[in-house]
Amino acid sequence: MWLVLIACVPIEIEVPGDTAPDPASDIDHDIPGDTSTPPDDTGEEPDDDYDGIYTSDEVHNFDIELGEEALRALRRDPKVYVEGAVSVDGERFDSVGVRLKGSGSFQDLSGKAAFKIDFNAYIPDQSFHGKGKVTLNNMLHDATQVHEVVAYAAFAAAGLPHSRVGYAWVTVNGEDYGLYSNVETPDRDYLERNFGQREGNLYEGGYPYYPDSWDHADFTQAEVEHFELEVGTEVQWADVHAVVDALAAEDLEGELSQVVDLDQYARFQIMEAWAGQWDGYAFASNNFRIYFDHGGTEKMSMVPTGLDYCFTSYGGRLSRASSPLGATCQGDVECNAHFGAVVEETLAQVDSAELAALMHETSDFIEPWVERDPRNYVEVGSSLDAQLAEMESWIETRSGTVGRWYKAD
Numbered sequence: 000m001w002l003v004l005i006a007c008v009p010i011e012i013e014v015p016g017d018t019a020p021d022p023a024s025d026i027d028h029d030i031p032g033d034t035s036t037p038p039d040d041t042g043e044e045p046d047d048d049y050d051g052i053y054t055s056d057e058v059h060n061f062d063i064e065l066g067e068e069a070l071r072a073l074r075r076d077p078k079v080y081v082e083g084a085v086s087v088d089g090e091r092f093d094s095v096g097v098r099l100k101g102s103g104s105f106q107d108l109s110g111k112a113a114f115k116i117d118f119n120a121y122i123p124d125q126s127f128h129g130k131g132k133v134t135l136n137n138m139l140h141d142a143t144q145v146h147e148v149v150a151y152a153a154f155a156a157a158g159l160p161h162s163r164v165g166y167a168w169v170t171v172n173g174e175d176y177g178l179y180s181n182v183e184t185p186d187r188d189y190l191e192r193n194f195g196q197r198e199g200n201l202y203e204g205g206y207p208y209y210p211d212s213w214d215h216a217d218f219t220q221a222e223v224e225h226f227e228l229e230v231g232t233e234v235q236w237a238d239v240h241a242v243v244d245a246l247a248a249e250d251l252e253g254e255l256s257q258v259v260d261l262d263q264y265a266r267f268q269i270m271e272a273w274a275g276q277w278d279g280y281a282f283a284s285n286n287f288r289i290y291f292d293h294g295g296t297e298k299m300s301m302v303p304t305g306l307d308y309c310f311t312s313y314g315g316r317l318s319r320a321s322s323p324l325g326a327t328c329q330g331d332v333e334c335n336a337h338f339g340a341v342v343e344e345t346l347a348q349v350d351s352a353e354l355a356a357l358m359h360e361t362s363d364f365i366e367p368w369v370e371r372d373p374r375n376y377v378e379v380g381s382s383l384d385a386q387l388a389e390m391e392s393w394i395e396t397r398s399g400t401v402g403r404w405y406k407a408d
């Protein structure tokens with residue numbers, strides 16, 4: 000199910016009872032499943048059972064089991080996978096990799112920890128119906144608990160790559176940890192759905208190894224080799240170096256357009272501004288991935304990541320990029336023209352997506368689980384209503400603001 004279509008589909012709300020609902024950037028690159036060599040996914044096509052966990056009209060049970068040795072290891076090194084077991088809606092998988100995740104949203108197991116689960120970390124051919132990884136976010140920066148659902152749907156409406164988002168009720172050794180967002184992890188299946196092929200190079204930028212390392216990855220000579228190759232073929236960052244070289248060219252637009260899809264970049268930055276993604280690439284050089292289509296155009300596209308911080312005004316006026324690619328392009332007349340060329344169509348597509356309806360339907364559906372979440376900080380009631388009202392106003396008025404920022408001269 001595609002999230003952008005959910006707003007058009009009535010959702011039947013089931014109120015859970017007193018028990019858990021019944022089923023219906025980091026250093027881990029040495030773990031199998033996280034490298035660019037097999038198995039970065041299983042190679043088999045995922046089936047419908049996997050796709051079903053990425054809808055916002057159902058909450059799936061993820062029951063994590065960790066032994067004492069694994070718990071001690073996570074206390075020492077929370078970003079390193081340990082061996083455990085996980086059951087998804089009652090279907091059990093042994094010998095899976097489990098670790099904690101997050102930077103600003105990080106919490107240890109005494110709080111509302113966020114999780115990454117790698118089904119083939121210890122058994123190379125193991126998968127969840129053809130998929131290797133699951134990312135469970137704790138939504139600590141999102142008082143509405145719907146930011147990721149709506150933001151990724153907005154990027155999808157604008158014709159940009161996007162993760163699907165579902166919800167999970169998580170337990171650890173039988174203890175309720177509460178409601179989580181289940182955000183699709185980019186892999187070969189993600190590439191096929193968003194770019195039409197399973198090949199090409201997918202890198203993580205920003206601070207892919209934070210907090211274990213402050214090595215920042217961006218389009219400068221000093222930072223190129225900090226990009227983490229997640230999917231693809233090792234080329235010693237030659238494709239990324241080509242972008243850095245183009246940024247220094249005298250004919251900026253002419254050279255850069257050979258290696259970067261500039262219309263796609265313009266739409267990406269416009270949508271980061273629309274969503275209030277002040278902690279993303281354009282305005283913070285953080286939380287982003289890049290994809291090189293080595294089977295066709297040979298050009299780079301931007302991949303949105305980490306959209307939980309959206310729909311806030313923390314970043315102020317998001318009209319001038321501070322990142323190397325965005326700032327350099329906006330400083331060149333011909334390159335900057337790409338923003339004006341795509342802004343009207345991009346915002347029209349977003350405004351037609353009925354995102355406010357998606358927000359309300361999703362919020363109404365998850366509210367019973369938010370109320371029961373034992374580790375939840377959200378104040379259900381008038382406070383939540385006020386947050387949702389602010390978000391709805393944002394959705395309804397944001398295109399006018401962004402359109403004025405990026406309109407053609």
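The opening position of the sequence shown corresponds to residue 0 in numbering that gives the first Met the number 0, with each subsequent residue numbered one higher.
Glycine included, C-beta positions come from ideal geometry on N, C-alpha and C.
In this text, all values refer to a predicted model and were calculated from it rather than measured experimentally.
On the DSSP bridge list, what partners appear for residue 291?
In the sequence shown, counting from the first residue as 1, residue 291 sits at position 292. DSSP, once it has assigned bridges, lists 200, 299 as partnering residue 291.
Output the boundary residues of the alpha helix (DSSP H) element that contains residue 372.
Translated into positions along the sequence shown, residue 372 becomes position 373. That residue, residue 372, is in no alpha helix (DSSP H); it is neither H nor E in DSSP.
Indicate whether at least one CB of chain B lies closer than 8 Å to the CB of residue 283.
Note that chain B does not occur in the displayed structure, where there is just one protein chain.
Check whether residue 217 and residue 321 have beta carbons under 8 Å apart:
Along the sequence shown, one-based indexing puts residue 217 at 218. Along the sequence shown, one-based indexing puts residue 321 at 322. No.
If you draw a straight line from the alpha carbon of residue 144 to that of residue 286, how long is it in whole angstroms?
Against the sequence shown, residue 144 aligns to sequence position 145. Against the sequence shown, residue 286 aligns to sequence position 287. If you take the alpha carbons of residue 144 and residue 286, they lie about 19 Å apart.
Let's see if you can read the secondary structure: which residues bound the alpha helix (DSSP H) around residue 244?
In the sequence shown, residue 244 corresponds to position 245, counting from 1. It spans 237-246 - the alpha helix (DSSP H) in which residue 244 sits, taken as one unbroken run.
Can you tell me whether DSSP reads residue 142 as helix, strand or coil?
For the purposes of this step, residue 142 is taken as the residue at position 143 of the sequence shown. Correct three-state label for residue 142: coil.
Neighbourhood of residue 245 by C-beta, 6 Å cutoff - its chain only, sequence neighbours within 5 removed:
By one-based count along the sequence shown, residue 245 stands at place 246. So the qualifying residues of the chain are 254, 255, 258.
Cβ distance (whole Å) where residue 131 is taken to contact residue 114 below 8 Å:
For the purposes of this step, residue 131 is taken as the residue at position 132 of the sequence shown. For the purposes of this step, residue 114 is taken as the residue at position 115 of the sequence shown. Not really, about 15 Å apart at Cβ, beyond 8 Å.
Which stretch, first to last residue, makes up the alpha helix (DSSP H) that contains residue 269?
Position 270 of the sequence shown holds residue 269. According to the DSSP assignment, residue 269 belongs to the alpha helix (DSSP H) that extends over 261-274.
Enumerated in chain order, which unbroken segments of the alpha helix (DSSP H) with a length of 4 residues or greater are wholly contained in the region 108-177?
Listed in chain order, the alpha helix (DSSP H) elements of length 4 or more contained wholly in the region 108-177 are 146-156.
Please report how far the alpha carbon of residue 331 lies from the alpha carbon of residue 163, in whole angstroms.
As a first step, residue 331 is located in the sequence shown; it is residue number 332 there, counting from the start. As a first step, residue 163 is located in the sequence shown; it is residue number 164 there, counting from the start. Going by the C-alpha atoms only, they are around 35 Å apart.
Residue nearest to residue 55 in terms of C-alpha spacing, selected from 326, 298, 146
For the purposes of this step, residue 55 is taken as residue 56 along the sequence shown, with counting starting at 1. Among 326, 298, 146, the Cα nearest to that of residue 55 is on 146.
Just to confirm the assignment, what range does the alpha helix (DSSP H) spanning residue 447 have?
The structure shown has nothing for residue 447, since the chain only spans 0 to 408.
DSSP beta-bridge partners of residue 61:
By one-based count along the sequence shown, residue 61 stands at place 62. According to DSSP, residue 61 bridges with 87, 169.
Residues in its own chain within less than 8 Å of residue 289 by CB, not counting five upstream and five downstream?
One-based indexing of the sequence shown puts residue 289 at position 290. The residues are 201, 202, 204, 226, 239, 299, 300, 301, 302.
Expressed to the nearest angstrom, what Euclidean distance is found between the alpha-carbon atoms of residue 35 and residue 96?
Along the sequence shown, read from residue 1 onward, the residue named residue 35 stands at position 36. Along the sequence shown, read from residue 1 onward, the residue named residue 96 stands at position 97. Unreliable positioning characterises residue 35 in this predicted model, as indicated by a pLDDT of 32, which lies under 50. The coordinate reading is nonetheless provided below. C-alpha separation (whole angstroms): 17 Å.
Check whether the region 258-277 touches the region 165-182, counting contact only when three or more Cβ pairs, one atom from each stretch, lie closer than 8 Å.
By the C-beta criterion, the region 258-277 is judged not to be in contact with the region 165-182, since fewer than 3 inter-stretch pairs fall below 8 Å.
Can you confirm whether the region 188-195 touches the region 309-316 when touching is taken to mean that 3 or more C-beta pairs between the two stretches lie within less than 8 Å?
Segment contact: the region 309-316 against the region 188-195, fewer than three CB-CB distances shorter than 8 Å; contact not assigned.
Collapsed DSSP secondary structure at residue 286 in the structure displayed:
Numbered from 1 along the sequence shown, position 287 holds the residue referred to as residue 286. DSSP places residue 286 in the coil class of the three-state scheme, outside both helix and strand.
Pairwise C-alpha distance: residue 141 and residue 392
Indexing the sequence shown from 1 puts residue 392 at position 393. Indexing the sequence shown from 1 puts residue 141 at position 142. One C-alpha to the other measures close to 16 Å.
Which listed residue (232, 291, 242) has its alpha carbon closest to that of residue 325:
The residue you call residue 325 lines up with position 326 of the sequence shown. When 232, 291, 242 are compared, the shortest CA-CA separation from residue 325 is found for 242.
With 16 other CB atoms within 10 Å as the buried threshold, where does residue 382 fall?
Along the sequence shown, one-based indexing puts residue 382 at 383. Classification of residue 382: exposed, given that the 10 Å Cβ count is below 16.
Of all the options 247, 206, 108, 63, which has the alpha carbon lying nearest to the alpha carbon of residue 220?
Here residue 220 is taken as the residue at index 221 of the sequence shown, counted from 1. Of the listed residues, the one whose Cα sits closest to residue 220 is 247.
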